[in-house]
Amino acid sequence: GESVGLHLPTLSVQEGDNSIINCAYSNSASDYFIWYKQESGKGPQFIIDIRSNMDKRQGQRVTVLLNKTVKHLSLQIAATQPGDSAVYFCAETMGGGSYIPTFGRGTSLIVHP
Amino acid sequence: DAGVTQSPTHLIKTRGQQVTLRCSPISGHKSVSWYQQVLGQGPQFIFQYYEKEERGRGNFPDRFSARQFPNYSSELNVNALLLGDSALYLCASSPGGGPSYNEQFFGPGTRLTVL
Numbered sequence: 799g800e801s802v803g804l805h806l807p808t809l810s811v812q813e814g815d816n817s818i819i820n821c822a823y824s825n826s827a828s829d830y831f832i833w834y835k836q837e838s839g840k841g842p843q844f845i846i847d848i849r850s851n852m853d854k855r856q857g858q859r860v861t862v863l864l865n866k867t868v869k870h871l872s873l874q875i876a877a878t879q880p881g882d883s884a885v886y887f888c889a890e891t892m893g894g895g896s897y898i899p900t901f902g903r904g905t906s907l908i909v910h911p
Numbered sequence: 004d005a006g007v008t009q010s011p012t013h014l015i016k017t018r019g020q021q022v023t024l025r026c027s028p029i030s031g032h033k034s035v036s037w038y039q040q041v042l043g044q045g046p047q048f049i050f051q052y053y054e055k056e057e058r059g060r061g062n063f064p065d066r067f068s069a070r071q072f073p074n075y076s077s078e079l080n081v082n083a084l085l086l087g088d089s090a091l092y093l094c095a096s097s098p099g100g101g102p103s104y105n106e107q108f109f110g111p112g113t114r115l116t117v118l
């Protein structure tokens, strides 16, 4: 189950496996969703985004799935590599030009060689 | 090309002091946003500026203020520091100017510790 306080939810996988990171968002009016990767000592880095009128979008080794019915977002990473080890955040935004993302809590992905 | 830069990288202050954090956006970007990231949590939005005007403000007390300069760099000021202000302060820049140009690029952050 999900930890509280300082402890992030953690996903541990073996190198080469596929990883799935899940996120529940809060605002049904959000129209734009983004996944970020944050490595230790660095700021968040954009991975992939999806608009609310889509349910799937693919990038290089990553796929984002959006289920608006249950307000759920997932990030799939294919053939996970040690360099994928990081904290992953989903973010939602209302759009409208100002683009102020609201970040979720984050999931720590640990890839074992 | 240089990314978003922030200074200083680390800072230690005591309660009641004031601090100023600085951010230089990517060249050509006109929008700067500030976030606070407490350990173990996602970044929380503080301010957004575009063309030197405040475009958005998060749920932070008036002790927090910011401004953007004509060269689009920005400062975040925090007065009367509290222990709870200890966090990583992130700056993000974006081209701004419309929904198609709002992807944010983050700097490495300034780690503020309040004792």
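Chains as they are written, first to last, in the working numbering: chain A, 799 to 911; chain B, 4 to 118.
Don't be surprised by glycine CBs; every beta carbon is placed ideally from N, CA and C.
Please read all numbers here as calculations on a predicted model, not as lab measurements.
Next on the checklist: Distance cutoff 9 Å, beta carbons only. Does Gln47/B sit that close to anything in chain A?
Outcome noted: yes
Checklist entry - In terms of residue numbering, what span does the beta strand (DSSP E) encompassing Glu890/A cover? => result 884-891
Checklist entry - Using the beta-carbon of each residue, which ones in chain B are nearer than 9 Å to Arg903/A? => result Gly43, Gln44, Gly45
Checklist entry - Can you list, in chain order, the residues of its chain whose CB lies under 6 Å from that of Gln874/A, leaving out five sequence neighbours each side? => result Ile818, Thr861
Checklist entry - On the premise that Ser828/A lies in contact with Thr891/A, defined as a C-beta separation below 8 Å, what is that separation, rounded to the nearest angstrom? => result 6 Å
Item to check | Closest Cα partner of Gly61/B within the set Lys55/B, Phe48/B, Arg70/B, Ser68/B | outcome: Phe48/B
Checklist entry - Counting pairs of Cβ atoms below 8 Å between the region 57-76 of chain B and the region 107-118 of chain B, do you hit three or more? => result no
Checklist entry - If you measure beta-carbon to beta-carbon, which residues of the region 834-848 of chain A are closer than 9 Å to chain B? => result Tyr834, Gln836, Gly839, Lys840, Gly841, Pro842, Gln843, Phe844, Asp847
Item to check | Outcome for Phe72/B when other beta-carbon atoms lying within 10 angstroms are tallied against a minimum of 16 | outcome: exposed
Checklist entry - How about Thr808/A: is its C-beta nearer than 9 Å to some C-beta of chain B? => result no
Item to check | Check whether Thr900/A and Tyr886/A have beta carbons under 9 Å apart | outcome: no
Checklist entry - Given that Phe887/A touches chain B, what residues does it touch there, using C-beta distances under 7 Å? => result Gly45
Checklist entry - So Leu85/B packs on Arg18/B, CB below 8 Å; how close in whole Å? => result 6 Å
Checklist entry - DSSP beta-bridge partners for Asp853/A? => result The partner list for Asp853/A (beta bridge, DSSP) is empty, contrary to what the question assumes.
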